[in-house]
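Final position of the sequence shown in my numbering is 192; the numbers increase by one with none missing.
The beta-carbon is built from N, C-alpha and C at its ideal position, and this holds for glycine as well.
Small disclaimer: the values here were computed from a predicted structure and weren't measured.
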Amino acid sequence: MARMEHQVTLHFESYIADPYWPTLAQVIDIQKKSRMNMQRSEEKRRSALTEYLLREGLSLEEYERMVQLSSRQWYRVDNDDQTSEIIIPRHQLSAALTNAAQVSPSSVIKTAEAVNLRSVISTTDFRTGKYSADGIFSRYVKHDATNQRRYDENEYIEDFDAVGVIRYDPDRIKDKDVYALFSFMLRESAVGACRKMGYGRGEVKSIKPME
């Protein structure tokens, strides 16, 4: 049987995306190679950065644009438009479902289905109906290698319905198992970042076949 499409509505208590953008790797590389963070004063840091950028044929404006792009807090319908709707991207949902399948009891999903879950269930991005953050989660994070703590902040959204489409073959996985897997994911393993701190959890509102 061909894959059937189902519209899914999930209610989230809260969610943090914490994206890792490709430009962040570029910014980190520039800061490391310029040795700017080894300088004691802001003036010397600026000078070290400027000299490095000049050698690499980059302008300060280009670097600042990279910093701006790498600090974006959300995936959006249009990632170049920071006023567009916030989404939960398909890669985060697929990863969360796969993780849930691997740690869930056999009563939720069979082992064979769990191992090949990405080929069993595919998903679109889920739209949240949110356009800006509801708050900021602030905390100190310990670095495992150095045991030092750094201050970190992430924007979060809360109390919203996320709507998207999933596709699966009912001959490979039963409807009740799909519902059970999504329920386990939202209750136990969660979606996105800061999951151990309680973010990314919620409940299934509906999973309906699409005509």
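- Residue 161 and residue 39 have their alpha carbons spaced roughly 52 Å apart.
- Boundaries of the beta strand (DSSP E) harbouring residue 120: 116 to 123, taken from the DSSP string.
- Secondary structure at residue 58: coil, using DSSP grouped into helix, strand and coil.
- Scanning the stretch 102 to 185 for uninterrupted alpha helix (DSSP H) segments of 4 residues or longer gives 156 to 165, listed from N- to C-terminal end.
- Secondary structure of residue 79 (DSSP, three-state): helix.
- The C-beta of residue 170 has 16 or more other C-beta atoms within 10 Å across all chains shown, which makes the residue buried.
- Per the DSSP secondary-structure output, residue -15 pairs in a beta bridge with 149.
- Nearest neighbour of residue -7 by Cα position, chosen from 49, 140 and 157, turns out to be 140.
- Here residue 132 is exposed, its C-beta having fewer than 16 other C-beta atoms within 10 Å.
- Between the alpha carbons of residue 4 and residue 46 lies a gap of roughly 9 Å.
- Between residue 75 and the set 100, 17, 57 and 7, the nearest pair of CA atoms involves 100.
- In the three-state DSSP reduction, residue -3 falls in the coil class, being neither helix nor strand.
- Put simply, of 61, 189, 27 and 146 the residue whose alpha carbon is nearest the alpha carbon of residue 42 is 27.
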